[in-house]
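Undergrad: Below: one structure in structure tokens.
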Amino acid sequence: MAQRKQVTMAELKVGALVTAALVLLAALILQQSWGIAWFSESEKVLAYLPDVGGLKPGNPIWLAGIEIGKVRQVSIMSPELYPGNARVFKQISEIKKEIEGLDRNNPNYGKLLADKIDKIRDLKLELRLVEVQMDIKKQYINRISIDSEVAIASRGLIGDSFLEVSPGTAGIPPKRQGEFYVIEAVRTTGFREILTGANDVIANFGVLSEQFRSIAGKIDPDRIGSDMAGTLDDMRTALHEASTTFSETTRLVKELRDGQGSVGRMVADPGLYNRLNETLDKMTSLTDRLQSGSGTLPKLLNDPQIFDNTNSALKKADLAMDRIEKGDGTLGRLSKDPALYDSGRRAMEKFAGFVDQIDKGEGTLGRLVKDPALYNNLNQSSAEIAKFIYDLRQDPKKYLTIRFRLF
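Here the sequence shown is numbered in my numbering, starting from 5 and rising by one per residue.
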């Protein structure tokens, strides 16, 4: 009986040891797979991404190539929960209004509509739909600041995804949302986008191949031969024209050398050079005279007294203008005093009234200007005077009597 009890205790110890080993193994598996830190303190960090590219809990988090934590949880959320999505929704709403305002009769309506739809599709890719919770070791949290960014990366084309955090430079801790630090996420080009771009490139190569095949099918060997013959004829014509041009150039150079024509005389005649040389000598002599100070113009250029007098006159003119501007003196009062303007305006008004009275025929001057009787009387008087002068010339004794008396 005692022996059986001893065997039972041994089995119990073995079972307990195996159970402890299994629990320890499970803990190690969870630590490596799920990123559960059993013996180290960590901080909870949160990020919102539009696409995680297959990221799973337990994937590593790197900072400058060093693993600083693990992904805790990856979950899809409502896009309205992330405040930054409001800007994207606003832009999408504005583009939809632009689509409603497009003119369907416009010949480019289809292209414009496709461009607007592509913009909406691109904006939808920017919506943050995935919430990623992370556990980052406490000793590394001070390396992350408010300007740090987190992005999805992968080990090769088909490797596991991981998160890469950029070191911050602002020195300010990230914003907090409850118990979580919040790091801004950036969208990176993933393997799917690369494959999509490669498919577009392959499709473009296919289109180019079809175009080259179509061009090659349209090539006619007989036509190529005729085109080659035409090309040879064009080359012969070009060579003949080049030879003619060379001959004309040679003849022109010979005429220039012989002094024929206007240009030839300018090149070959030494008289032009001599006259030009004489002109340069005269200009040199004139420059020397200007520098030596002889004559009126050199004195104007070299005499400092002229500059001083001119400068003094300008200063006086400047002072006079300042006095006029300030209203000093007769000219200043004429320029600034409003009484002169008012007096002149009143005088002009009176003169205008005086001229208006004359035009209406009022007063002595008005009657002289407007009354035709004055003109008629003057005309009649001049006629009488002319008649009197005529009669006086014909018979002066009739009007002139000379009396002579002696004492």
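We treat Cβ as the ideally placed atom computed from N, Cα and C, and that holds for glycine.
So, with DSSP's three-state summary, where would you put residue 59?
TA: Here residue 59 corresponds to residue number 55 of the sequence shown, with the count starting at 1. Coil.
Undergrad: Around the C-beta of residue 74, are 16 or more other C-beta atoms found within 10 angstroms, so that it is buried, or is it exposed?
TA: For the purposes of this step, residue 74 is identified with residue 70 of the sequence shown, where counting begins at 1. The residue in question, residue 74, is buried, as its Cβ has 16 or more Cβ neighbours within 10 Å.
Undergrad: Considering only residues of the same chain and omitting the five flanking positions on each side of residue 378, which have a CB-CB separation below 8 Å?
TA: In the sequence shown, the residue the question calls residue 378 occupies position 374. For residue 378, where only same-chain residues beyond five positions count, the Cβ hits under 8 Å are 371 and 372.
Undergrad: So, is residue 72 buried or exposed, given that buried needs 16 or more other C-beta atoms within 10 angstroms?
TA: Translated into the one-based positions of the sequence shown, residue 72 becomes position 68. With 16 or more other Cβ atoms within 10 Å, it is buried.
Undergrad: How should residue 189 be labelled, buried or exposed, when 16 other C-beta atoms within 10 angstroms of its C-beta is the threshold for buried?
TA: The residue labelled residue 189 in the question sits at position 185 within the sequence shown. Buried, by the Cβ-count rule.
Undergrad: Would you mind reading off the limits of the beta strand (DSSP E) that contains residue 153?
TA: Locating residue 153 in the sequence shown gives position 149, counting from the first residue. Run containing residue 153: 153-158, per the beta strand (DSSP E) assignment.
Undergrad: From residue 236 to residue 242, what distance separates their C-alpha atoms?
TA: Position 232 of the sequence shown, counting from 1, holds the residue named residue 236. Position 238 of the sequence shown, counting from 1, holds the residue named residue 242. The straight-line gap from Cα to Cα measures roughly 10 Å.
Undergrad: Just grab the DSSP bridge partners of residue 185 for me.
TA: Here residue 185 refers to the residue found at position 181 when the sequence shown is read from its first residue. BP columns for residue 185 point to 49 and 180.
Undergrad: Kindly identify the DSSP beta-bridge partner or partners of residue 139.
TA: Locating residue 139 in the sequence shown gives position 135, counting from the first residue. DSSP output for residue 139 lists 48 and 74 as bridge partner(s).
Undergrad: Run the CB neighbour count on residue 119, radius 10 Å, all protein chains shown included, and call it buried at 16 or more, exposed below.
TA: Sequence index remark: in the sequence shown, residue 119 carries index 115 (1-based). So residue 119 ends up on the exposed side.
Undergrad: Kindly indicate which three-state DSSP category residue 87 falls into: helix, strand or coil?
TA: Along the sequence shown, one-based indexing puts residue 87 at 83. In the structure shown, residue 87 sits in coil (DSSP, three-state: anything other than H, G, I, E or B).
Undergrad: Does residue 126 have its Cβ less than 7 Å from a Cβ in chain B?
TA: Any reference to chain B falls outside this structure, which holds one protein chain only.
Undergrad: Output the boundary residues of the beta strand (DSSP E) element that contains residue 127.
TA: Your numbering for residue 127 matches position 123 in the sequence shown. Per DSSP, residue 127 belongs to no beta strand (DSSP E); it is in the alpha helix (DSSP H), 113-128.
Undergrad: The alpha helix (DSSP H) with residue 385 in it runs from where to where?
TA: On the sequence shown, residue 385 is found 381 positions in, with the first residue counted as 1. Start and end: 376-398.
Undergrad: Going by C-alpha distance, which of 46, 79 and 82 is nearest residue 65?
TA: Here residue 65 is taken as the residue at index 61 of the sequence shown, counted from 1. The shortest Cα separation from residue 65 among 46, 79 and 82 belongs to 46.
Undergrad: Quick check on DSSP: helix, strand or coil for residue 106?
TA: Position 102 of the sequence shown, counting from 1, holds the residue named residue 106. In this structure, residue 106 counts as coil in the three-state DSSP scheme.
Undergrad: Looking at residue 132 and residue 86, is the spacing between their C-beta atoms short of 7 Å?
TA: In the sequence shown, counting from the first residue as 1, residue 86 sits at position 82. In the sequence shown, counting from the first residue as 1, residue 132 sits at position 128. Yes, they are a contact pair.
Undergrad: Looking at the ligand GTP, does it come within less than 6 Å of residue 85, judged from the CB to the closest heavy atom?
TA: As far as ligands go, the structure on display features none, and thus does not contain the ligand GTP.
Undergrad: Do residue 340 and residue 348 have their C-beta atoms within less than 7 Å of each other?
TA: Counting from 1 along the sequence shown, the entry for residue 340 is found at position 336. Counting from 1 along the sequence shown, the entry for residue 348 is found at position 344. No, the pair does not count as a contact, with Cβ atoms beyond the cut-off.
Undergrad: Look at the Cβ atom of residue 134, then the Cβ atom of residue 96, and state whether they are nearer than 7 Å.
TA: The residue you call residue 134 lines up with position 130 of the sequence shown. The residue you call residue 96 lines up with position 92 of the sequence shown. No, they are not a contact pair.
Undergrad: Around the C-beta of residue 76, are 16 or more other C-beta atoms found within 10 angstroms, so that it is buried, or is it exposed?
TA: Walking along the sequence shown from the start, residue 76 turns up at place 72. With 16 or more Cβ atoms within 10 Å of its Cβ, residue 76 is classed as buried.
Undergrad: Drop a sphere of 10 angstroms on the beta-carbon of residue 108, count the other beta-carbons inside from all chains shown, and report buried for 16 or more, exposed for fewer.
TA: Start at 1 with the first residue of the sequence shown, and residue 108 comes out as number 104. Looking at its Cβ environment, which holds fewer than 16 other Cβ atoms inside 10 Å, residue 108 is exposed.
Undergrad: To the nearest angstrom, report how far apart residue 54 and residue 15 are at their CA atoms.
TA: Sequence index remark: in the sequence shown, residue 54 carries index 50 (1-based). Sequence index remark: in the sequence shown, residue 15 carries index 11 (1-based). Going from the Cα of residue 54 to the Cα of residue 15 covers about 55 Å.
Undergrad: Once you ignore the five residues that flank residue 245 on each side, which residues in its own chain have a CB closer than 6 Å to its CB?
TA: Along the sequence shown, read from residue 1 onward, the residue named residue 245 stands at position 241. Within the same chain, residue 245 has no close Cβ partners at all.
Undergrad: Just checking my contact of residue 176 with residue 49 at CB under 8 Å: how many whole Å lie between their CB atoms?
TA: For the purposes of this step, residue 176 is taken as residue 172 along the sequence shown, with counting starting at 1. For the purposes of this step, residue 49 is taken as residue 45 along the sequence shown, with counting starting at 1. That belief does not hold up - the Cβ atoms of residue 176 and residue 49 are roughly 15 Å apart, past 8 Å.
Undergrad: Return the chain-ordered list of same chain residues with a C-beta closer than 8 Å to the C-beta of residue 354, the five sequence neighbours on each side being excluded.
TA: Locating residue 354 in the sequence shown gives position 350, counting from the first residue. Contacts found: none.
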